[in-house]
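Going left to right, the sequence shown walks through residues 1 to 223 as full-length UniProt numbering numbers them. Okay, structure first, notes after.
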Amino acid sequence: MLGCSQPDTTDRTDARQGENADGGTTVAENPKKEETKTILFFGNSLTAGYGLEPSQAFPALIQERIDSLGLPYKVVNAGVSGETSAGGKSRIDWLLKKPVDVFVLELGANDGLRGIDTESTYNNLKTIMEKVREKNPNVEIILAGMQLPPSMGQKYTRDFSEVFTRLSKEENVHLIPFLLEGVGGIPELNQADGIHPTIEGQKILAANVWAVLENVVSAPVNP
Numbered sequence: 001m002l003g004c005s006q007p008d009t010t011d012r013t014d015a016r017q018g019e020n021a022d023g024g025t026t027v028a029e030n031p032k033k034e035e036t037k038t039i040l041f042f043g044n045s046l047t048a049g050y051g052l053e054p055s056q057a058f059p060a061l062i063q064e065r066i067d068s069l070g071l072p073y074k075v076v077n078a079g080v081s082g083e084t085s086a087g088g089k090s091r092i093d094w095l096l097k098k099p100v101d102v103f104v105l106e107l108g109a110n111d112g113l114r115g116i117d118t119e120s121t122y123n124n125l126k127t128i129m130e131k132v133r134e135k136n137p138n139v140e141i142i143l144a145g146m147q148l149p150p151s152m153g154q155k156y157t158r159d160f161s162e163v164f165t166r167l168s169k170e171e172n173v174h175l176i177p178f179l180l181e182g183v184g185g186i187p188e189l190n191q192a193d194g195i196h197p198t199i200e201g202q203k204i205l206a207a208n209v210w211a212v213l214e215n216v217v218s219a220p221v222n223p
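Laid out in structure tokens, this is it:
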């Protein structure tokens, strides 16, 4: 159902360093540059769009929706295949060199598939959000909830799912209940590995994200 541990073979920005071959971050630009706010998608291969073109990953689809509505936001896709919450905690500082207005955190699936202690995942995700807020006090944070297949054991899957609901309440952040809702476990919406969404699957992920993000980007942005 979940998982993102295979190496990414697509030609993508080196999100681990936040730069492309020309030294710039991969972003989808909004023409209103003087007013543009930044949405940073920080995640693993689900965010990176493993096996697909960058333009087919859900962050790029979100940018298309934003542009169609004339909203002053640009999307930065900082997804890295195989990323764990610990890896994200180590990587986030580099990406906070520039202001972030909306932060979408999509990590934890690889922790779960590796059986990592759920409290470790909780603490890592909490630290990432704290770092983001320290640099950007007015940032809006959206946490992508994840679930694990039953094969991981009833108690562990329950504890893992509760990591995201706990964090959303205790840290007062927006929650996408389950990012892979309508996609996870459905063969025709996943690639041959049964894990990573197809183009059509990514469209559903984008809809799941937009259901929460829409109210955030439509509201007045804090100065």
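Just so it is clear, CB atoms sit at the ideal spot from N, CA and C, and this is done for glycine as well. These figures come from a predicted structure and were not determined experimentally.
(message) For glycine 108, which residues in the same chain have their Cβ closer than 6 Å to its Cβ, ignoring the five residues on either side in sequence?
(response) Ser85, Thr121 and Met146
(request) Could you tell me which of Asn124, Val80 and Glu140 sits nearest to leucine 175, measuring between CA atoms? (result) In terms of CA proximity to leucine 175, Glu140 leads the group Asn124, Val80 and Glu140.
(request) Tell me, to the nearest whole angstrom, how far the beta carbon of isoleucine 142 is from that of valine 102; I am working on the premise that it is less than 8 Å. (result) 7 Å
(message) Just verifying my parser: in three-state terms, what is the DSSP assignment at glutamate 162?
(response) helix
(request) Could you pull the start and end residues of the alpha helix (DSSP H) that leucine 40 belongs to? (result) Element bounds for leucine 40: not the alpha helix (DSSP H) but the beta strand (DSSP E), 37 to 43.
(request) Classify serine 81 as buried or exposed, calling it buried when 16 or more other Cβ atoms lie within 10 Å of its own Cβ. (result) buried
(message) Between Gly51, Thr36 and Phe160, which has its C-alpha nearest glutamate 200's C-alpha?
(response) Comparing Cα positions, the closest option is Gly51.
(request) Counting only the same chain and skipping the five closest in sequence on each side, list residues whose C-beta sits under 6 Å from that of glycine 112. (result) Here glycine 112 has Leu148 and Phe160 as same chain residues with Cβ atoms under 6 Å from its own Cβ, once five neighbours each way along the sequence are excluded.
(request) Could you spell out where the beta strand (DSSP E) holding valine 217 opens and where it closes? (result) Element bounds for valine 217: not the beta strand (DSSP E) but the alpha helix (DSSP H), 199 to 218.
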